[in-house]
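Take a look at the structure set out below.
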DNA sequence: TTTCCACAGGAATAAAGGGCGA
DNA sequence: TCGCCCTTTATTCCTGTGGAAA
């Protein structure tokens, strides 16, 4: 590695960050109705009353998190002008936290300074809740707790305790409001009725973006992110159309535009074209596979490997028993023992949820029975590439 | 209308592993 | 070090499902 040097690349981007997820625009476009409802639900905070618990739901990438950041920023700014109102917000993302215990630990660590963080295991659950309530009391005032992707928490315990913490005497100094954000439209119905009534005091439903709304979002970001005249005609429309097709997800559309810009820059071109968008789409699909399964156990990856193999030999859609058969053969060739059929079914279900594969229910009736057919949802090339990177590195 | 099949998926449980406090 | 508490991953067992065929 001799003579390495960096030189600034072509100037397609003006402010590339404007296409990243964490960037909060000065104005949220295409979400007027949702913002109005959400604003009304937050009103008690500025009146220095006990905050309502708010539940936001809608598919991923429809602006729930962005709207939350946008409104909370405004709320924090305006709260400073109100006498006697001491507002704090704590936000955690529950992705990767699948129990109340883990979420409570994450909240404690979010509230504590880096030197006194606690570990993810080892404490009795009651102790973790006590740590949390102590921290909340220390903060005091009005505390809004944002639980993004709250549907990842598999038990109700934290969602039951937090809204009741004050009435149960667990906290005395702080007025708590919980804002739960969920991608899972059915999550609300899965909650026990006690939790539902308290957590879902105020509900705001976010609908999917249509292609026109997505175009507005992309146009808005384009103005900030790119230099003038660096996007070919049709690039924005194409990203918006893909975004609308992929369930109205603005994040995916923005990622696509960002990736297309990156590709153009890598190729030292000065204009982003529709061709770059196509290439970017392929690349993002590979990333989605890698991101989805990189934390999987080896067996989960082999299950996907088995389905990929069946797709290559033209045997998809494949029923469960065929996937299990292919999986067992691959694993044995690698010199491992396969996991049970039940576990393979769980892996297939998870891959389905991640959008890497898709399933269709088939019912052949008497003599044939009911079963599922699985096939790859992402392109074969993307999945192959993603898998080979993971299996090689693992 | 009833039967039947092939799973789907929930529940209970176990084993292994890691962190904590005494 | 030991017992406790929690997690993750897995297994076994079981009931439920639904539509074509009888």
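Residue numbers (the working numbering): 2 to 395.
Cβ coordinates follow ideal geometry from the N, Cα and C atoms, glycine included.
As the structure is a computational prediction, the values presented were derived from the model and not from experiment.
Residue range of the unbroken beta strand (DSSP E) whose run includes residue 143: Counted from its first residue, the first chain places residue 143 at position 142. Taken as a continuous stretch (DSSP letters only), the beta strand (DSSP E) holding residue 143 covers 142-149.
Selected residue, minimal CA-CA separation from residue 288, among 77, 256, 277, 91: For the purposes of this step, residue 288 is taken as the residue at position 287 of the first chain. Out of 77, 256, 277, 91, 256 has the C-alpha closest to the C-alpha of residue 288.
From 116, 162, 152, residue whose alpha carbon lies closest to that of residue 129: Numbered from 1 along the first chain, position 128 holds the residue referred to as residue 129. It is 162 whose Cα lies nearest to the Cα of residue 129.
Residue 36 (DSSP reduced to helix, strand or coil): In the first chain, counting from the first residue as 1, residue 36 sits at position 35. Correct three-state label for residue 36: helix.
Whole-angstrom C-beta distance between residue 325 and residue 1, which should lie under 8 Å: With the chain covering only 2 through 395, there is no way to say anything about residue 1.
Sub-9 Å separation of residue 259 and residue 226 beta-carbons: As a first step, residue 259 is located in the first chain; it is residue number 258 there, counting from the start. As a first step, residue 226 is located in the first chain; it is residue number 225 there, counting from the start. Contact flag set, yes.
Alpha-carbon spacing of residue 78 relative to residue 25, whole angstroms: In the first chain, the residue the question calls residue 78 occupies position 77. In the first chain, the residue the question calls residue 25 occupies position 24. Going from the Cα of residue 78 to the Cα of residue 25 covers about 15 Å.
Three CB pairs or more closer than 8 Å across the segment 273-286 and the segment 297-313: no
Distance, residue 378 Cα to residue 386 Cα: Here residue 386 refers to the residue found at position 385 of the first chain. Here residue 378 refers to the residue found at position 377 of the first chain. Cα-Cα distance, rounded: 14 Å.
Residue burial classification, residue 203 (beta-carbon count within 10 angstroms, cutoff 16): Position 202 of the first chain holds residue 203. So residue 203 counts as buried.
Beta-carbon proximity check, residue 176 vs residue 317, cutoff 9 Å: The residue you call residue 176 lines up with position 175 of the first chain. The residue you call residue 317 lines up with position 316 of the first chain. No, these two residues do not count as a Cβ contact at 9 Å.
Cross-strand partners of residue 78 (DSSP beta bridge): In the first chain, residue 78 corresponds to position 77, counting from 1. In DSSP, residue 78 forms no bridge with anything.
Contacting residues, own chain, Cβ-Cβ under 8 Å from residue 111 (five flanking each side not counted): Counting from 1 along the first chain, the entry for residue 111 is found at position 110. For residue 111, where only same-chain residues beyond five positions count, the Cβ hits under 8 Å are 91, 92, 93.
At least three beta-carbon pairs within less than 8 Å, the segment 364-381 to the segment 329-338: no
When 311, 348, 343, 347 are compared against residue 330, the one with the closest alpha-carbon: Here the question's residue 330 lines up with position 329 in the first chain. Minimum Cα distance to residue 330 is reached at 311.
Separation of residue 381 from residue 115, as counted between CA atoms: Here residue 115 is taken as the residue at index 114 of the first chain, counted from 1. Here residue 381 is taken as the residue at index 380 of the first chain, counted from 1. The straight-line gap from Cα to Cα measures roughly 43 Å.
Backbone secondary structure at residue 94 - three-state DSSP: The count along the first chain starts at 1 and reaches residue 94 at position 93. Note: residue 94 maps to strand in three-state DSSP.
Extent of the continuous beta strand (DSSP E) run through residue 374: In the first chain, counting from the first residue as 1, residue 374 sits at position 373. Element bounds for residue 374: 371-377.
Segment contact flag, the segment 223-243 with the segment 42-60, C-beta cutoff 8 Å, min 3 pairs: no
Cα-Cα separation between residue 56 and residue 180, rounded to whole angstroms: Taking the first chain and counting its residues from 1, the one referred to as residue 56 is at position 55. Taking the first chain and counting its residues from 1, the one referred to as residue 180 is at position 179. Cα to Cα, residue 56 sits roughly 6 Å from residue 180.
Sufficient close CB pairs (3 or more, under 8 Å) joining the segment 97-104 to the segment 135-144: no
The segment 22-41 touching the segment 214-223, judged by at least three CB pairs closer than 8 Å: yes
Burial state of residue 152, where buried means 16 or more other Cβ atoms lie within 10 Å: Residue 152 sits at position 151 when you count from the first residue of the first chain. The residue in question, residue 152, is buried, as its Cβ has 16 or more Cβ neighbours within 10 Å.
Neighbour-count burial assignment, residue 54, 16 or more Cβ in a 10 Å radius: One-based indexing of the first chain puts residue 54 at position 53. Under this definition residue 54 is a buried residue.
As assigned by DSSP and simplified to three states, the class of residue 220: Against the first chain, residue 220 aligns to sequence position 219. Of the three classes helix, strand and coil, the one that applies to residue 220 here is helix, per DSSP.
Residue 102 beta carbon near the ligand NAP (any heavy atom closer than 8 Å): The ligand NAP is not part of the structure shown, which contains no ligands of any sort.
Buried versus exposed call for residue 322 [16 or more other C-beta atoms within 10 Å across all chains shown]: Residue 322 sits at position 321 when you count from the first residue of the first chain. Exposed is the call here.
Residues that DSSP places opposite residue 205 in a beta bridge: The residue labelled residue 205 in the question sits at position 204 within the first chain. Answer by DSSP bridge pairing, in chain order: 57.
Proximity of residue 383 and residue 290 at Cβ, strictly below 9 Å: Translated into the one-based positions of the first chain, residue 383 becomes position 382. Translated into the one-based positions of the first chain, residue 290 becomes position 289. Yes, the pair counts as a contact, with Cβ atoms nearer than the cut-off.
Cβ-Cβ distance between residue 160 and residue 154 below 9 Å: Position 159 of the first chain holds residue 160. Position 153 of the first chain holds residue 154. Cβ distance < 9 Å, so residue 160 and residue 154 count as in contact.
Alpha-carbon spacing of residue 395 relative to residue 355, whole angstroms: The residue you call residue 395 lines up with position 394 of the first chain. The residue you call residue 355 lines up with position 354 of the first chain. Since pLDDT at residue 395 reaches only 46, below the 50 mark, its modelled position is unreliable, and no value is offered.
Span of the alpha helix (DSSP H), counted from its first residue to its last, around residue 110: Against the first chain, residue 110 aligns to sequence position 109. That run of the alpha helix (DSSP H) goes 101-112.
Coarse secondary structure for residue 181, derived from DSSP in three states: Indexing the first chain from 1 puts residue 181 at position 180. Residue state, collapsed to three classes: strand.
Minimum C-alpha distance to residue 231 - residue among 15, 5, 169: As a working mapping, residue 231 is identified with position 230 in the first chain. Nearest option by C-alpha distance: 15.
Residue 122, buried or exposed, once every other Cβ within 10 Å from all chains shown has been counted against 16: The residue given as residue 122 occupies position 121 in the first chain. It counts as exposed.
Cut-off 6 Å between Cβ atoms - residues of its own chain near residue 362, not counting five sequence neighbours on either side: For this step, residue 362 is matched to residue 361 along the first chain. For residue 362, where only same-chain residues beyond five positions count, the Cβ hits under 6 Å are 373.
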